[in-house]
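**Student:** Okay, here's the structure, questions in a sec.
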Amino acid sequence: MNSDNHINAIAEQLKQARHCVVLTGAGVSAESGIPTFRDALSGLWEKFRPEDLATAEAYRKNPEMVYAWYQWRRQLISDTEPNAGHYALAELAKRVERLTLITQNVDGLHQRAGSADVIEFHGNIFRNRCFAENTALAPDTTRSEKPPLCPVCGAMARPDVVWFGEALEPQVLQASAEAIDDCDVFLSIGTSSLVYPASELGLAARSNGAVLIEINPQQTPLTAVCQFSVTANSAGVLPHMVRALKT
Ligand code: OAD
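For the sequence shown, the residue numbers in the working numbering are 53 to 299.
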């Protein structure tokens with residue numbers, strides 16, 4: 053049910069929330085023209101094998117091919133703009149008592165739309181770090197497909213994103229866990245809820261008594277445990293929801 057009543061009921065939950073946690077995934081950037089990972093036909097993992105492009109082992113085996121793929125994605129993202137959903141979430145932060153935005157997206161579009169203090173669960177594609185020492189390196193502003201070298205130790209740079217099989221940054225996990233422990237409303241938007249540990253956040257919020265709301269055109273493993281489920285694209289429905297908060 054996506055009637056105005058449904059949107060108004062969600063707006064009411066957001067108005068009453070003491071601390072709202074929003075978790076976003078690739079679907080939020082889909083309407084900016086950035087492919088998701090798992091959507092049939094258009095998803096990146098429908099065309100490419102994650103084990104060839106998103107693991108440390110793949111990078112060790114074929115750094116230039118993997119780095120070239122990230123340079124292609126960086127260019128694709130640079131050519132896009134935030135969409136109405138990103139802007140609505142930046143606006144939502146001003147209208148609720150407290151909001152923590154956690155994103156699995158590495159594209160930086162929330163920040164470009166004006167969201168502050170975004171928790172980047174899976175890193176940021178524009179940053180590089182040293183593949184040997186993990187230290188932060190300058191962003192690569194070239195279009196070169198060859199990985200730049202760390203100026204300190206000479207090892208290759210790597211994109212500062214979390215690859216399959218890798219642990220998340222401890223500060224990221226800590227900040228997310230604190231927000232989840234404290235939240236009374238949890239909003240899951242544009243994520244398939246299939247990738248651990250992001251997939252656990254909604255469930256943890258739910259066991260702490262938070263109200264769960266999902267916005268996604270498709271059903272996900274979280275849908276069944278949500279009190280509110282909006283079957284729609286985020287760029288369409290989020291501005292509508294934020295407008296409903298004003299009334
Ligand atoms: P997925 O590609 O797994 O899921 C995207 C979700 O967005 C799906 O549930 C779609 O139904 C939904 N969707 C598509 N278009 C939408 C729209 N216009 N509005 C709202 N929702 C829409 O992407 P994630 O859940 O983000 O990891 O994937 C999680 C992680 O898996 C990613 O962060 C990435 C990937 O491997 C890393 O890069 C480390």
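We put the beta carbon where it would ideally sit given N, CA and C, even for glycine.
#1: For L246, does the count of other Cβ atoms within 10 angstroms reach 16, so buried, or fall short, so exposed?
#2: Based on DSSP bridge pairs, tell me the residues matched to G175.
#3: May I ask you to verify whether the stretch 128-140 touches the stretch 75-83, counting CB pairs closer than 8 Å and requiring at least 3?
#4: Do you know how far the Cα of E218 is from the Cα of F178?
#5: At which residue ranges does the stretch 118-186 contain complete beta strand (DSSP E) runs of 3 or more residues, listed in the order of the chain?
#6: Mapping the DSSP letters down to three states, classify E266 as helix, strand or coil.
#7: What is the C-beta distance between V213 and H162, in whole angstroms, given that I count them as a contact (C-beta under 8 Å)?
#8: Assign Q123 to buried or exposed, taking buried as 16 or more other Cβ atoms, counted over all protein chains shown, within 10 Å of its Cβ.
#9: Out of E252, S228, A250, P269, which one is the CA nearest neighbour of V170?
#10: If distances are taken between C-alpha atoms only, which option among G242, G254, R258 comes closest to T283?
#11: Looking only at its chain, what residues have a beta carbon closer than 8 Å to the beta carbon of I62, apart from the 5 residues adjacent to it on each side?
#12: Out of curiosity, what's the CA-to-CA distance linking D236 and L153?
#13: Can you tell me where the alpha helix (DSSP H) holding L105 begins and where it ends?
#14: Output the distance between the C-alpha atoms of P203 and Q156, rounded to the nearest integer angstrom.
#15: Beta carbon of Q65, beta carbon of V263: below 7 Å?
#16: From L128 to D159, what does the alpha carbon distance come to, in whole angstroms?
#17: Between the beta-carbon of V74 and the beta-carbon of L239, is there less than 7 Å?
#18: Relative to the alpha-carbon of F216, which residue among L201, A188, Y248 has its alpha-carbon at the smallest distance?
#19: Can you list, in chain order, the residues of its chain with a C-beta nearer than 7 Å to that of D234? Leave out the 5 residues immediately preceding and following it.
#20: Since T272 contacts S244 with CB under 8 Å, what's their CB separation in whole angstroms?
#21: Since N238 sits in a beta bridge, which residues does DSSP pair it with?
#22: Can you tell me which of E109, Y111, A78, G254 puts its alpha carbon nearest to the alpha carbon of G46?
#23: Identify the residues that DSSP records as bridge partners of S281: which are they?
**Tutor:** Well, looking at it:
#1: Residue burial is scored here from C-beta neighbours: L246 has fewer than 16 other C-beta atoms within 10 angstroms and is therefore classed as exposed.
#2: V213
#3: yes
#4: 18 Å
#5: Taken in chain order, the unbroken stretches of beta strand (DSSP E) that lie wholly in the stretch 118-186 and span 3 residues or more are 151-155, 175-182.
#6: strand
#7: About 16 Å separates the two Cβ atoms, so there is no contact after all.
#8: buried
#9: S228
#10: Closest option to T283, judged by alpha-carbon separation, among G242, G254, R258: G242.
#11: I265, F280, V282, M293, A296
#12: 14 Å
#13: 102-105
#14: Distance between the alpha carbons of P203 and Q156: 29 Å.
#15: yes
#16: 10 Å
#17: yes
#18: Y248
#19: H71
#20: Taking the Cβ atoms as the reference, T272 lies roughly 6 Å from S244, within the contact range of under 8 Å.
#21: Contrary to the premise, residue 238 reads as Phe rather than Asn in this sequence. According to the DSSP secondary-structure assignment, F238 is paired through a beta bridge with V73, L264.
#22: Because the chain in this structure spans residues 53 to 299, residue 46 falls outside the shown range and cannot be described.
#23: E266
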